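Quick note: the sequence shown uses this note's numbering, first residue 1033, plus one each step. The beta-carbon is built from N, C-alpha and C at its ideal position, and this holds for glycine as well. The model shown is predicted, which means the values in this text are computed figures rather than measured ones.
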Amino acid sequence: MEVSIIGVVGAGQMGSGITQIVATAGYHVLLYDLEPKYLETGVERITEGLNMEVKKGKLTEWLREKTLKNIKITTRLEDMAHCHMILEAAPEREEVKMEAFEVLDTVCPKEVVFATNTSSISITRLASVTHRPDKFIGIHFMNPVPLIDLVEIVRGWQTSDATFLQAKHFVEKLGKTVVVAKDSPGFIINRILMPMINEAIFAVMEGVGTPQDIDTAMTVGTRHPIGPLALADLIGLDTCLDIMEVLYTEFGDSKYRPAQLLRKYVEAGLLGRKSGRGFYIYRKESTKEESKP
1033 MEVSIIGVVG AGQMGSGITQ IVATAGYHVL LYDLEPKYLE TGVERITEGL
1083 NMEVKKGKLT EWLREKTLKN IKITTRLEDM AHCHMILEAA PEREEVKMEA
1133 FEVLDTVCPK EVVFATNTSS ISITRLASVT HRPDKFIGIH FMNPVPLIDL
1183 VEIVRGWQTS DATFLQAKHF VEKLGKTVVV AKDSPGFIIN RILMPMINEA
1233 IFAVMEGVGT PQDIDTAMTV GTRHPIGPLA LADLIGLDTC LDIMEVLYTE
1283 FGDSKYRPAQ LLRKYVEAGL LGRKSGRGFY IYRKESTKEE SKP
């Protein structure tokens, strides 16, 4: 099957970023979300991202317009029946993803490959709710999708060689670098990254340092491009908590126990950049200042 129409499930931060790069690469994209307001926000985010690319001279105005024309939106999951490949980018909760795949499995032709952007959940377990585990694979993009060149490809227990090769070719056509990870909780990136972020949050909670001091220590002292707490705000504190919950549950090891302060921030709705406040307070004029727990 020639792949030219890609279905993206979820218009959040990851789904909109994936849509942007896939449409820019020349594919037609059908972007789904249950809520029209999320689709509207997603398209706004995509448009802002493309405008920034034009401003930086990385994209022509003609290609920006062509990219936007490549994108269609829908609130009906059944409309994905016309897509040649599905990229799921729903919230990082197993039951939400499984529910989406159960519906997609009934409406999409049997030859359509299903890919999940999960950053921590078992590919094999997600594939088990479909009748096509051989055509199911993990394609984990990094946030922000248009800026980070790395993509993890994760094979489930029954993923076929043909599906793996199709996914690898697709990702490379997007200009991304592929690493292959085992179907293990957190894969490569979040197995290493999230415990570091979690430890930084423990350090704030225990008064070891302020968010600014901890981030400065890591950016200046270890030459990380962004501190762990600013990165947590960028990823979304709710997403960080979801991933840590998966690691803690799957491994059963206390070293993956989510910091209580992380839970408190999420319970309070302080999710980072997307809510305007997390470990830092974010202004519309793209400035930030330290937030107090």
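Local Cβ density within 10 Å of residue i, reported as buried at 16 or more and exposed below that
i     : result
R1187 : buried
V1212 : exposed
I1078 : buried
Q1292 : exposed
K1167 : buried
V1054 : buried
R1164 : buried
S1286 : exposed
V1236 : buried
L1197 : exposed
D1193 : exposed
A1300 : exposed
V1298 : buried
V1278 : buried
G1207 : exposed
Residue i, enclosing alpha helix (DSSP H) - first and last residue
i     : result
Q1182 : Reading off the sequence, residue 1182 comes out as Leu, not Gln. First-last for L1182: 1182-1187, but that is the beta strand (DSSP E), not the alpha helix (DSSP H).
A1262 : 1260-1267
L1293 : 1292-1299
K1087 : 1068-1087
A1055 : 1045-1056
V1139 : 1126-1139
V1252 : 1243-1253
A1199 : 1193-1205
Span of the beta strand (DSSP E), counted from its first residue to its last, around residue i
i     : result
I1224 : Looking at the DSSP string, I1224 is not in any beta strand (DSSP E); the run it does join, the alpha helix (DSSP H), is 1221-1237.
Y1314 : 1312-1314
L1119 : 1117-1120
Residues sharing a beta bridge with residue i, DSSP
i     : result
R1157 : Beta-bridge pairing links R1157 to no other residue.
L1062 : G1039, K1104
G1170 : T1148, V1186
Y1280 : For Y1280, which the question treats as bridged, DSSP gives no partner whatsoever.
A1213 : V1186
G1304 : R1309
Neighbourhood of residue i by C-beta distance below 7 Å, restricted to the same chain and skipping five residues each side
i     : result
M1130 : L1158, V1161
E1134 : V1161
L1066 : T1107
S1036 : Y1059, H1060, H1116
D1265 : G1304, R1305, G1310, F1311, Y1312
T1099 : A1055, T1056, L1082
G1308 : Y1314
E1282 : P1217
T1191 : D1166, F1168, I1169
L1136 : L1109, M1112, I1118, F1146
C1272 : M1226, I1229, A1264, L1294
Y1280 : Y1288, R1289, P1290
Same chain only: Cβ atoms within 6 Å of residue i, ignoring 5 sequence neighbours per side
i     : result
G1039 : L1062, M1112, C1115, I1118
T1248 : none
T1156 : G1188, W1189, D1215
Q1052 : I1078, G1081, P1178
I1239 : Reading the sequence as shown, one finds Gly at residue 1239 and not Ile. Taken in chain order, the list of residues that qualify is empty.
R1255 : none
Neighbourhood of residue i by C-beta, 8 Å cutoff - its chain only, sequence neighbours within 5 removed
i     : result
T1209 : D1181, L1182, V1183
D1274 : P1123, E1124, R1125, S1152
I1258 : D1247, T1251, L1266
G1268 : Q1045, L1303, G1304, R1305, K1306
Any chain C beta carbon closer than 8 Å to residue i
i     : result
K1208 : You won't find chain C in this structure, because it holds only one protein chain.
Closer than 7 Å: residue i CB and nearest the ligand GTP heavy atom
i     : result
P1141 : By its list of ligands, the structure shown contains no ligand whatsoever, and the ligand GTP lies outside what it can speak to.
Is there contact between the region 1111-1123 and the region 1083-1096, where contact requires at least three CB pairs shorter than 8 Å? Counting C-beta pairs closer than 8 Å gives fewer than three between the region 1111-1123 and the region 1083-1096, which falls short of the contact rule.
Stretch-stretch touch, CB-based, cutoff 8 Å, three pairs: the region 1069-1080 with the region 1042-1056: With a cut-off of 8 Å, the region 1042-1056 and the region 1069-1080 count as touching, because enough Cβ pairs lie within range.
Given 8 Å as the limit, is there contact between the region 1280-1294 and the region 1226-1246, that is, 3 or more CB pairs closer than that? The answer is yes - the region 1226-1246 touches the region 1280-1294, with three or more Cβ pairs under 8 Å.
Taking 8 Å as the cut-off, does the region 1142-1151 touch the region 1193-1208 (at least 3 CB pairs, one atom from each stretch)? Here the region 1193-1208 lies against the region 1142-1151, with 3 or more beta-carbon pairs under 8 Å apart.
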